[in-house]
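Chemist: Under this note's numbering, the first residue of the sequence shown carries the number 7, and numbering increases by one thereafter.
I have a structure here, written as structure tokens, and I will follow up with some questions on it.
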Amino acid sequence: MARRTSSARCGGRWPPPATRTSRSSSAWKSSSRRTSPPTDGSERHTVSDLSLDLHDAGLTTPELVILEMEATSKEDASAQLASRMYEAGRISDLEAFLDQVNSREHQMATGLPGGVGLPHARSQYVNQTSIAVGVTRFGHSLDFGAVDGPATLVLLMATPAQSFSEHLEVLATIARSLFKENFRESLRRAHDAEVIAELINSSLVFFDH
Numbered sequence: 007m008a009r010r011t012s013s014a015r016c017g018g019r020w021p022p023p024a025t026r027t028s029r030s031s032s033a034w035k036s037s038s039r040r041t042s043p044p045t046d047g048s049e050r051h052t053v054s055d056l057s058l059d060l061h062d063a064g065l066t067t068p069e070l071v072i073l074e075m076e077a078t079s080k081e082d083a084s085a086q087l088a089s090r091m092y093e094a095g096r097i098s099d100l101e102a103f104l105d106q107v108n109s110r111e112h113q114m115a116t117g118l119p120g121g122v123g124l125p126h127a128r129s130q131y132v133n134q135t136s137i138a139v140g141v142t143r144f145g146h147s148l149d150f151g152a153v154d155g156p157a158t159l160v161l162l163m164a165t166p167a168q169s170f171s172e173h174l175e176v177l178a179t180i181a182r183s184l185f186k187e188n189f190r191e192s193l194r195r196a197h198d199a200e201v202i203a204e205l206i207n208s209s210l211v212f213f214d215h
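Structure, rendered in structure tokens:
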């Protein structure tokens with residue numbers, strides 16, 4: 007049986023800007039404490055009033071983190087991280103999902119400044135929005151097409167095919183965090199999968215304008 011290998015593209019700018027939606031994505035959960043809306047007419051969401059529920063959403067878990075990752079290429083890095091997702095039951099078809107990740111990567115490089123690779127795909131083979139993280143072993147780096155050089159930190163993001171708004175929101179938010187040097191260095195220096203998972207999850211705070 008022929009397998010569908012088309013991947014959804016974000017299109018436009020890389021990384022994409024956060025999008026305004028009429029409701030929060032499924033990975034976000036309103037808390038009981040509310041803040042007064044700002045007077046300038048913008049809608050601001052913070053960790054206090056629209057925060058990621060780490061227990062219910064769990065975009066990243068320690069099982070999705072690879073410390074001292076050794077990969078021969080960006081495709082190999084994506085395969086190692088996707089395998090963690092598959093073992094955790096977050097994707098249903100490893101080979102088909104990787105085809106989509108690599109197809110997306112060929113359309114537009116996903117390297118970010120500061121030594122980061124952020125491959126991603128929105129796919130019918132994804133059961134739950136997830137981010138797997140690989141911190142390369144000392145001396146190892148991977149070319150994700152960033153203008154400032156190869157990556158030593160790789161985050162693979164997977165989103166269900168129907169979750170277009172959530173895909174853009176999470177992708178833009180995690181990319182914005184990765185542009186901050188102190189956040190990148192915290193991930194590299196953690197040396198603990200649980201700490202890395204907590205850093206990723208707690209970074210997913212976004213603002214709608």
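Glycine is no exception: its CB is placed at the ideal position from the N, C-alpha and C atoms.
Within a Cβ cutoff of 6 Å, which residues of the same chain sit near Ala-138, ignoring the five residues on either side of it in sequence?
Modeler: Result list for Ala-138: Leu-70, Leu-87, Arg-90, Met-91, Leu-162, in chain order.
Chemist: By how many angstroms is the C-alpha of Ser-169 removed from the C-alpha of Gly-95?
Modeler: The alpha-carbon atoms of Gly-95 and Ser-169 are separated by roughly 18 Å.
Chemist: For Asp-198, collect the residues of the same chain with a Cβ closer than 6 Å to its Cβ; drop the 5 residues on either side in sequence, then sort them by chain order.
Modeler: For Asp-198, where only same-chain residues beyond five positions count, there are no Cβ hits under 6 Å.
Chemist: Taking 8 Å as the threshold (C-beta atoms), are Pro-119 and Asp-149 in contact?
Modeler: Their beta carbons are not under 8 Å apart, which means Asp-149 does not touch Pro-119 by this criterion.
Chemist: The alpha helix (DSSP H) spanning Thr-179 covers which residue range?
Modeler: Residues 170-184.
Chemist: Taking DSSP as the reference, what is the three-state secondary structure of Ser-98?
Modeler: Note: Ser-98 maps to coil in three-state DSSP.
Chemist: Quick one, which of Ile-206, Pro-68, Ser-79 has its alpha-carbon nearest Thr-142's?
Modeler: Cα-wise, what sits closest to Thr-142 is Ser-79.
Chemist: Assuming Arg-194 and Thr-158 are in contact, meaning their beta carbons sit under 8 Å apart, how far apart are those beta carbons, in whole angstroms?
Modeler: That belief holds up - the Cβ atoms of Arg-194 and Thr-158 are roughly 7 Å apart, short of 8 Å.
Chemist: Using the C-alpha atoms, what's the distance from Gly-123 back to Asp-248?
Modeler: In the structure as shown, the chain starts at 7 and stops at 215, and residue 248 therefore has no counterpart that could be examined.
Chemist: In terms of alpha-carbon separation, which member of Thr-116, Ala-115, Ala-85 lies closest to Glu-101?
Modeler: Nearest option by C-alpha distance: Ala-85.
Chemist: Taking the C-alpha atoms as reference points, what is the distance between Ser-208 and Val-176?
Modeler: Straight-line Cα distance between these residues: approximately 12 Å.
Chemist: Is Phe-103 buried or exposed, if buried means 16 or more other CB atoms sit within 10 Å of its CB?
Modeler: With 16 or more Cβ atoms within 10 Å of its Cβ, Phe-103 is classed as buried.
Chemist: Around the C-beta of Gly-121, are 16 or more other C-beta atoms found within 10 angstroms, so that it is buried, or is it exposed?
Modeler: Per the 10 Å Cβ criterion, buried.
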